[in-house]
Amino acid sequence: MMEKLNGLKILITGGAGFIGGAVIRRLLTSGDSFIFNLDKIGYASDINEIHRILNDNELSNRYTFLKVDLKDMKEVENAIKISDPDLIIHLAAESHVDRSIDSPSEFILSNVLGTFNLLEASREHWSKLSKKRKEKFKFLHVSTDEVFGSLDVNKKGFHESYPYDPRSPYSASKASSDHLVRSWFHTYKFPSMITNCSNNFGPKQFPEKLIPLVIQKALKGEDIPLYGDGSNVRDWLFVEDHVDAILLVISKGVIGQSYCVGGFGEKSNIEVVKMICEILENLIPSQKVPYHNLINKVKDRPGHDLRYSIDSSKIQSELGWVPKHSFESALKKTICWYIENVDWCEQILSQSGYELDRKGI
Ligand code: NAD
Ligand code: DAU
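To get our numbering, take the position in the sequence shown, counting from 1, and add 987.
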């Protein structure tokens, strides 16, 4: 799979974020493509690990950072000019549902207007490529399962032709960007593809998302906020398995298609939180209160989607993707990483000014 990417110039947006960073680190450490990382550097961004890999392996000739905000068309056009990409993987987005409920405007601007600007600048670039490069050019838009809405218990998982029914400002902004990408394909034949992925987790995820937040709270002996009754279900996928899927689709995916990517890791929130407490209890036994006694049911998220579940058969049968990690083993790996990297959390939280003390909305 990686050999298909060798020597190509790949523009990755959102490469200072959790998933984009994992994609870039993989591309730098295997293969020999040239990476252009476009990111505005938001509250959740971190490029220190990429810099460490560059320095340790003398790879700086294969990496360029472009501090660009997708909301600014001129900056985007300039980034496309500098990178002259063969492939584009678009991950940049505001990504946290609770923030989108508190203040939706940045989600509309970054996720919708930002995607529009990127599509237009990319289309202009693609239209001027030589015939040979034009035939190989691809644009992958990384989206979410949340665009499909909320699934009842016992209903079959989301699939590629499932109707869109976004229900939060975040998912509505992602659904809008998906529609833009689809329409650019149909109208302009712009060679794009979409992936719709379930909840990711793993090392280096900003600790506002459930799994790293619970680990932080437990380690500090603070209340663990569980929204509502904790029965909401998510389909958890280890980030490295998502990276496999993204690289497979950009290498072998069919233009104009979308691919659903899920983790076979459906769990209710209360199950996930209890598992984290149990694993922590085995790794570093709690001193005062058992970790699970810290679980505190708080006011529910408004419009909280009950369940997400993904039917990944298309990407499995057509492209041969399978997640390599079980939820349990990847969760343990993730918890160990957070225990060993308490400083990383402190640093990213203090740089972002984010307080881990929200008690639900
Ligand atoms: P993240 O919040 O960790 O990183 C997003 C990055 O995008 C940040 O570095 C941020 O600075 C950058 N960004 C945001 N707006 C920008 C703008 N206007 N211009 C330039 N850069 C901008 O998010 P993540 O979890 O890594 O998610 C990456 C992508 O994957 C998103 O598009 C998200 O919707 C999608 N996704 C995430 C998950 C998940 O569980 N985390 C699951 C499915 C899909
Ligand atoms: O499904 C894919 C999506 O997963 C991605 O598109 C989003 O970018 C990503 O943020 C994630 O969205 P969720 O809202 O599902 O993730 P979050 O970690 O915020 O919440 C997971 C579940 O845990 C959800 O049901 C809400 C609940 N929750 C969350 C937090 C932060 C709690 O009970 N307590 C909390 O403190």
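Glycine included, each C-beta is placed from N, C-alpha and C at the ideal position. Here the structure is a predicted model, which is why all the values come from computation and not from measurement.
Do residue j and residue i have their beta-carbon atoms positioned less than 8 angstroms apart in this structure?
| i | j | result |
| --- | --- | --- |
| CYS1184 | HIS1229 | yes |
| ILE1237 | LEU1127 | yes |
| GLY1243 | PHE1172 | yes |
| PRO1194 | CYS1332 | yes |
| PHE1023 | SER1070 | yes |
| ILE1198 | THR1321 | yes |
| TYR1175 | ARG1120 | no |
| ALA1108 | LEU1025 | no |
| VAL1220 | ARG1288 | no |
| ILE1257 | LEU1213 | yes |
| VAL1084 | SER1155 | yes |
| LYS1284 | GLY1217 | yes |
| HIS1112 | ILE1181 | no |
| ILE1095 | SER1170 | no |
| ILE1202 | TYR1325 | yes |
| ALA1232 | TRP1308 | yes |
| PHE1225 | HIS1312 | yes |
| GLY1008 | LYS1191 | yes |
| ASP1292 | SER1137 | yes |
Which one of the options has the shortest CA to CA distance from residue i?
| i | options | result |
| --- | --- | --- |
| ILE1075 | PRO1194, LEU1234, SER1170 and SER1158 | LEU1234 |
| PHE1314 | ILE997, GLU1227, SER1300 and ASN1280 | GLU1227 |
| MET989 | VAL1220, TYR1157, SER1179 and SER1020 | SER1020 |
| HIS1077 | PHE1145, ASP1165, GLU1258 and PRO1153 | ASP1165 |
| ILE1034 | SER1114, GLY1018, SER1017 and VAL1010 | VAL1010 |
| LEU1105 | THR1000, LEU1197 and ILE1006 | THR1000 |
| VAL1099 | ASN1269, TYR1157, GLY1004 and PHE1188 | TYR1157 |
| ASP1073 | ILE1302, SER1097 and LEU992 | LEU992 |
| ARG1039 | LYS1125, SER1160, ARG1012 and ASP1330 | ARG1012 |
| THR1102 | LYS1121, SER1130 and ALA1003 | SER1130 |
| LYS1207 | ILE1282, PRO1190 and MET1262 | ILE1282 |
| HIS1146 | ASN1328, SER1245 and VAL1063 | SER1245 |
| TRP1223 | MET1060, ASP1085, ALA1317 and LYS1115 | ALA1317 |
| ASP1056 | ILE1028, PHE1225 and SER1082 | ILE1028 |
| LYS1261 | HIS1279, ASN1269 and LYS996 | HIS1279 |
| GLU1133 | LYS1284, GLY1144 and PHE1124 | GLY1144 |
| THR1051 | GLU1064, GLU1062, ILE1037 and LYS1061 | ILE1037 |
| PHE1135 | GLU1062, TYR1151 and LYS1196 | TYR1151 |
| GLU1081 | SER1255, LYS1061, PHE1124 and SER1032 | SER1032 |
| ILE997 | VAL1063, LYS1125, ASP1043 and SER1017 | LYS1125 |
| GLU1327 | LEU1267, ASP1059 and SER1087 | LEU1267 |
| TYR1341 | PRO1153, ARG1086 and LEU1116 | ARG1086 |
Starting from residue i and walking both ways along the beta strand (DSSP E), at which residues does that stretch end?
| i | result |
| --- | --- |
| PRO1212 | 1211–1214 |
| TYR1246 | 1245–1248 |
| ASP1085 | It is not in any beta strand (DSSP E) - ASP1085 instead sits in the alpha helix (DSSP H) that spans 1084–1089. |
| ASP1228 | Careful: ASP1228 lies outside any beta strand (DSSP E), inside the alpha helix (DSSP H) at 1226–1239. |
| LYS1119 | First-last for LYS1119: 1118–1123, but that is the alpha helix (DSSP H), not the beta strand (DSSP E). |
| LEU1074 | 1074–1077 |
| ILE1022 | 1021–1026 |
| ASN1183 | 1179–1184 |
| ILE1297 | That residue, ILE1297, is in no beta strand (DSSP E); it is neither H nor E in DSSP. |
| ILE997 | 996–1000 |
| LEU1053 | 1050–1054 |
For residue i, report the span of its alpha helix (DSSP H) as first-last.
| i | result |
| --- | --- |
| HIS1038 | 1035–1044 |
| VAL1063 | 1060–1070 |
| PHE1172 | 1156–1175 |
| PRO1302 | Correcting the residue identity first, residue 1302 is Ile in this sequence and not Pro. 1300–1306 is the span of the alpha helix (DSSP H), which, as asked, contains ILE1302. |
| ASP1330 | 1329–1339 |
| MET1262 | 1256–1270 |
| SER1114 | 1101–1114 |
| LYS1286 | First-last for LYS1286: undefined, no H or E at that position. |
| VAL1220 | Element bounds for VAL1220: not the alpha helix (DSSP H) but the beta strand (DSSP E), 1220–1222. |
| LYS1207 | 1197–1207 |
| LEU1014 | 1005–1016 |
### Query
How about the segment 1039–1047 and the segment 1087–1105: do they share at least three Cβ pairs that are nearer than 8 angstroms?
Because the criterion of three Cβ pairs below 8 angstroms is not met, the segment 1039–1047 and the segment 1087–1105 do not touch.
### Query
Hey, is the segment 1257–1275 in contact with the segment 1162–1182, meaning 3+ C-beta pairs nearer than 8 angstroms?
Judged by Cβ distances under 8 angstroms, the segment 1257–1275 makes no contact with the segment 1162–1182, as fewer than three pairs qualify.
### Query
Quick check: the segment 1291–1302 against the segment 1244–1257, are there 3 or more CB pairs under 8 angstroms?
Verdict: yes, contact present.
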